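To start, the structure under review is shown below, and the notes come after it.
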Amino acid sequence: MKNHQSGYTLVELSVVMALAGLIVVGSLVGATTLLHQQTVNGLAAQNADAIKRVNEAYAQLPSYAGLSLRQAVSFGAFSQFVITQRATDNVTVAHPLRGAVGVAPVNGAAQAWGLYLNAIPADLCAELLLQSAPVADALVVYPGGMGNPNDWTRSLLINANVPAITIGAGFGAAAPRIVKNMTEDLTPVALSAACQSAGDTLGVLLLKSKLR
43 MKNHQSGYTL
53 VELSVVMALA
63 GLIVVGSLVG
73 ATTLLHQQTV
83 NGLAAQNADA
93 IKRVNEAYAQ
103 LPSYAGLSLR
113 QAVSFGAFSQ
123 FVITQRATDN
133 VTVAHPLRGA
143 VGVAPVNGAA
153 QAWGLYLNAI
163 PADLCAELLL
173 QSAPVADALV
183 VYPGGMGNPN
193 DWTRSLLINA
203 NVPAITIGAG
213 FGAAAPRIVK
223 NMTEDLTPVA
233 LSAACQSAGD
243 TLGVLLLKSK
253 LR
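Take any residue in the sequence shown, count from 1 to its spot, add 42: that is its number in the numbering used here.
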């Protein structure tokens, strides 16, 4: 009489455990990727809505002079963002990734304004810029971000004759990178260079203008 063994061998159990581990890891990676995509989609949609509301409010005016974060909030922008001290000059806005939001006109003739998002994770950089390109006349990446979300106004210069934006001097290796300019389209080369050199987190500026 032969003895018949029942159950699994150690090798078989090891294979099953390894396959189960791969399935779990794959599921986690897929869930993380989906969550990131949903986050970017939601953030991009809110940015587009904010830009639309500000532009509609200033459509009949020659410039964006006087535009502030408080005004943007009063126009109904950032409805899904965290807003504190609403209707005061000390109003603050944080986007869903918990970074600060800044809104201000470009210095000078104020014929352009910017929506700035701080503390964007580097792994969301490329997708956010791609989704932002259709609603922004220009895009700028600030490596490491900024402590004050409106400090970008000191670094940005605008040439109304071209029209085009340029970055002021004095930044060195951490200089902001223009990914899309007013008369140019976003290119894969500029996108890759800006995101790869931005560090772990970055600031993203979406610029709208009356000059185009």
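Beta carbons: idealized from backbone N, C-alpha and C, even for Gly. Bear in mind that the values here come from a model prediction, so they are computed numbers and not experimental data.
Closest to Ile207 by C-alpha separation, out of Gly187, Ala178, Gly186, Pro230, would be which residue? Looking at the Cα atoms, Ala178 is the closest of the given residues.
Nonlocal neighbours in the same chain, by C-beta distance under 6 Å from Leu253, ignoring five residues either side: Cβ within range, chain order: Gln153, Ala202, Pro205.
So, is Gln238 buried or exposed, given that buried needs 16 or more other C-beta atoms within 10 angstroms? With fewer than 16 other Cβ atoms within 10 Å, it is exposed.
For Gln79 and Asp165, the rounded distance between their alpha carbons: If you draw a straight line from the Cα of Asp165 to the Cα of Gln79, it is about 11 Å long.
Cβ-based neighbour list, Ala216, same chain, cut-off 6 Å, excluding 5 preceding and 5 following: Here the set comprises Pro185.
Nearest to Ala232 by alpha carbon, out of Ser197, Val143, Ala180, Phe213? Minimum Cα distance to Ala232 is reached at Ala180.
Buried or exposed (CB count within 10 angstroms, at least 16 for buried), Phe120: Classification of Phe120: buried, given that the 10 Å Cβ count is 16 or more.
What are the boundary residues of the beta strand (DSSP E) that includes Ser154? A small correction: the amino acid at residue 154 is Ala; Ser does not occupy that position in the sequence shown. Counting along the chain, the beta strand (DSSP E) containing Ala154 begins and ends at 154–163.
Can you tell me which of Leu244, Pro147, Leu248, Arg196 puts its alpha carbon nearest to the alpha carbon of Gly141? Answer by Cα proximity: Leu244.
Using the three-state DSSP reduction, which class does Ser105 fall into: helix, strand or coil? Note: Ser105 maps to coil in three-state DSSP.
Through-space distance from Asn83 to Ala90, alpha-carbon basis: Put simply, the backbone Cα of Ala90 is about 11 Å away from that of Asn83.
Please classify Lys250: does DSSP put it in a helix, a strand, or coil? If DSSP states are grouped into helix, strand and coil, Lys250 belongs with the strands.
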